[in-house]
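K.L.:
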Amino acid sequence: MASSGMRVNLLKNHRVLSEKDYLREKKFLQAAVVGLVLVVFVTVAMALWNFVLSQKLRGIEEEIAKASSQMQGLTEANAGQVYVKNRLGLIGNFLDDQAIARESLQEVLTLSLPGVTIGGMSFESASEISVTVSAESQPALKEALAYYRRTDGFFPQVVSNGISRSKEGRYEMKLVLTLPLKDEKS
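Under the working numbering, the first residue of the sequence shown carries the number 3, and numbering increases by one thereafter.
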């Protein structure tokens, strides 16, 4: 049945490499290995660089958070200082107003002319005092008006609301004295 003289080769023919092809494939293999080593090296270097940068970034973020919390504290302290400054300003303004009122009363009451007296006094507003001056004669009344209107005087404006004569024969004049502003006084 089977003939013994004929042989069939079912294996593929092996190609035999020439020395030139062998050297070329060896160089290609070496280049591939060098390329692979370079890729691995660059990948490791990039990973290390990324790690270093992330550590630096984390440190910067922590410093920013710390500085932000310090800024928050300073902002709160600054708000407290502004509040205290405003309150002190209001208190200072109040005391300045009181000092002006006290000085104004002293100026009104220091009138010392013979035959002239202060008949009454009241605050018309925060910036005006109403004063009733009583005198024995019209010239004495004119001197009292001149006292309050003097050029170096304390009151910036003096307005007379007229003169009247009492039953006892004394002359009375009602004056409205404008208080100086804080800035004018300084």
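Yeah, the Cβ is synthetic: ideal placement off N, Cα and C, and Gly gets one too.
1) Does DSSP classify Leu177 as helix, strand or coil?
2) Give the C-beta separation of Glu174 and Thr134 to the nearest angstrom, bearing in mind that I take them to be a contact with Cβ-Cβ under 8 Å.
3) Between the alpha carbons of Phe125 and Met73, how many angstroms are there, rounded?
4) Below 8 Å CB to CB, which residues in the same chain sit around Val160 once its five sequence neighbours on both sides are set aside?
5) Quick check: what's the CA-CA separation for Gly82 versus Val44?
6) Measure the beta-carbon distance from Gly117 to Ala142 and round it to whole angstroms, keeping in mind my assumption that it falls under 8 Å.
7) Taking 8 Å as the threshold (beta carbon to beta carbon), is Pro116 in contact with chain B?
8) Is the beta carbon of Glu138 less than 8 Å from the beta carbon of Arg172?
9) For my contact list, Met123 and Ser132 are in at a C-beta cut-off of 8 Å; report their separation, rounded to the angstrom.
10) What three-state label does DSSP hand Ser71 in the structure shown?
11) Using a 10 Å radius around the Cβ and a threshold of 16 neighbouring Cβ atoms, would you call Ser127 buried or exposed?
12) So within the segment 101 to 178, which uninterrupted beta strand (DSSP E) runs reach at least 3 residues, ignoring any that extend past its ends?
13) DSSP three-state label for Met8, please.
14) In this structure, does DSSP put Ser56 in helix, strand or coil?
P.N.:
The short version:
1) For the purposes of this step, residue 177 is taken as the residue at position 175 of the sequence shown. When DSSP states are grouped into helix, strand and coil, Leu177 belongs to the strand group.
2) Residue numbering aside, residue 174 sits at position 172 when the sequence shown is read from its first letter. Residue numbering aside, residue 134 sits at position 132 when the sequence shown is read from its first letter. With a beta-carbon spacing of about 6 Å, Glu174 and Thr134 fall inside the 8 Å limit used to define contacts.
3) Looking up residue 125 in the sequence shown gives position 123. Looking up residue 73 in the sequence shown gives position 71. Whole-angstrom Cα-Cα distance: 50 Å.
4) Numbered from 1 along the sequence shown, position 158 holds the residue referred to as residue 160. Excluding residues within five positions, the ones whose Cβ falls inside 8 Å are Leu147, Tyr150, Arg151, Leu177, Val178, Leu179 and Thr180.
5) Here residue 82 refers to the residue found at position 80 when the sequence shown is read from its first residue. Here residue 44 refers to the residue found at position 42 when the sequence shown is read from its first residue. Each residue's Cα considered, the two are about 56 Å apart.
6) On the sequence shown, residue 117 is found 115 positions in, with the first residue counted as 1. On the sequence shown, residue 142 is found 140 positions in, with the first residue counted as 1. With a Cβ gap of about 5 Å, Gly117 and Ala142 count as contacting.
7) Here chain B cannot be found, since the structure has a single protein chain.
8) Counting from 1 along the sequence shown, the entry for residue 138 is found at position 136. Counting from 1 along the sequence shown, the entry for residue 172 is found at position 170. If you check the CB distance, Glu138 and Arg172 come in under 8 Å.
9) To locate residue 123, count along the sequence shown from 1; it is residue 121. To locate residue 132, count along the sequence shown from 1; it is residue 130. Right, the Cβ-Cβ distance comes to about 7 Å (below 8 Å), so this counts as a contact.
10) The residue given as residue 71 occupies position 69 in the sequence shown. Helix.
11) Along the sequence shown, one-based indexing puts residue 127 at 125. Flag for Ser127 reads exposed.
12) Secondary structure in the segment 101 to 178: the beta strand (DSSP E) runs of 3 residues or longer, each lying completely within the stretch, are 118 to 127, 130 to 137 and 159 to 167 in chain order.
13) Here the question's residue 8 lines up with position 6 in the sequence shown. In the three-state DSSP reduction, Met8 falls in the coil class, being neither helix nor strand.
14) Translated into positions along the sequence shown, residue 56 becomes position 54. Helix.
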